[in-house]
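Contents: one structure, followed by commentary.
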Amino acid sequence: MLTPDSLMPHSVCWAIAPRLIWTMVVTNAITFISYLTIAATLLYLVRLTKRIIVGDWAWFVTGFALFILACGSTHLLEVITTWNPIFWVDAWTNIVTAVLSACVAVMLMQRIKKVAFGINDYASRLDNTQNEKIQLQESLLAAQKLEDWSRMSASVSHEIKNPLQAIQNLQFLIRNTEGIPPQIAQLAQLAEQEAGRVLNISESTLSFIRHASEPERIDLREAVQSVRFLLAPLIREKEIQLQVESSGDTTVEAFAGETRQVLLNLVRNACEATVPPVMHPAVAHPTAQSDTRVTVELIGKPSGVEVVVTDHGTGIAPDILPSIFQFGTTTKGHQGNGMGLWTVKHIVNKHRGEVKIQSTPGQGTRIDLWWPRAYA
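Numbering (the numbering used here), first residue to last: 114 to 489.
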């Protein structure tokens, strides 16, 4: 009959092969230290990533670490029982290891779909990394070109101001010279008006480019009128009816250049999405009426100004709409750089505002912008 007293340590069994004993002792000891290190590393990982690995995933990693530790303990017991026959301790260690391994196996089976999805998603992202890198480089190149163009425009606008003002003064003198024929006076007046128009364009361009160091009081109604002036060629080309409606106090504390940049992006997008009337070559009027209205509504409220930009144009596809404010997303194909609405979102967030968009393909788009009264 087998009794606990009849058990003998491994050292007696392996007495005929001393080298085998030390081989098993050393390898089991190294395995135990390795398992212990892996378990400690997993527990440390859970601590470092507690903001990311949360809930049951943290418990899963913790359970896996304990399972690894239990596995290591069985190897430690192999070393101990070489000389000390504490086989019941070894048995209970195996029982704990079995329970932990079963729990980890069940938890892994419950999460296998999420793990597979995560791996596939990561692999897909790796495949798209090169395309995203190229797209980002193109967008950054476009941004650099835009910055270079802005600097050049600022320089040109500044340099032409003095000559234009001189032309205006000369035309004024010509117009007020005694004895000048009425026709010449009229032409001088027209030339003076056109020079003034170019000066206004120059001032508007500089106001968009100029960056203030501190926020100031800005009237959004005046900013929209400035945008209307800059978009005049596009509005005339597409025969757009740009309607500006305002009520209440429309002044906010903001950076002037950034407010105009936001409004310019929103109104220009609405105008570009508007479909012009279709002209029949044999008649002088449109054969297919399209709604070419673009409405900008400003509503002054106690805590801020609500700006609503509405068009009846092509609209935005449903698959693009959820990511419309993300960097690189564009509805203009190769003609767009995906920075317009991303810039709008960035500036609005900077001013603690909010921007939302609603769109139906073929019916138009509505953008609701909330601009707080004070810059915080």
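All residues carry an ideal CB built from backbone N, CA and C; glycine is no exception.
- Asp234 and Glu329 have their alpha carbons spaced roughly 46 Å apart.
- Looking at the DSSP output, Pro485 sits in a beta bridge with Gly417.
- Within 10 angstroms of the beta-carbon of Gln296 lie fewer than 16 other beta-carbons, which makes it exposed.
- Between Val174 and the set Glu419, Met220 and Leu344, the nearest pair of CA atoms involves Met220.
- By the 16-neighbour rule on beta-carbons within 10 angstroms, Lys163 is exposed.
- Residues His188, Leu189, Glu191 and Val192 of the same chain have their beta carbon placed closer than 8 Å to that of Asn141, with the five preceding and five following residues left out of the count.
- Here Ala367 carries a strand assignment [DSSP, helix/strand/coil].
- For Arg330, the uninterrupted beta strand (DSSP E) segment begins and ends at Glu329 to Asp332.
- If only uninterrupted beta strand (DSSP E) runs of at least 3 residues are considered, none is enclosed by the stretch 143–183.
- Taking C-alpha positions only, Leu454 is separated from Val409 by approximately 17 Å.
- Assignment of Val468 by DSSP, reduced to helix, strand and coil, places it in the strand class.
- DSSP places Asp424 in the strand class (E or B) of the three-state scheme.
- Under the three-state reduction of DSSP output, Ile429 falls in the coil class, being neither helix nor strand.
- The beta carbons of Ile331 and Ala367 sit closer together than 8 Å.
- Taking a cut-off of 8 Å for Cβ pairs, the stretch 204–218 and the stretch 150–162 do not touch, as fewer than three such pairs fall below it.
- Relative to Gly428, the option among Thr456, Arg465, Lys458 and Glu385 whose CA is nearest is Glu385.
- Pro435 is positioned such that its CB atom lies no closer than 8 Å to that of Gly466.
- In the structure shown, Thr408 falls within a strand segment according to DSSP collapsed to helix, strand and coil.
- Annotation: Val421 to Glu327 spans about 26 Å, alpha carbon to alpha carbon.
- With fewer than 16 other Cβ atoms inside 10 Å of its own Cβ, Arg132 counts as exposed.
- Here DSSP, grouped into helix, strand and coil, assigns Glu352 to coil.
- Nearest C-alpha to Leu149 among Glu291, Trp135 and Ile181: Ile181.
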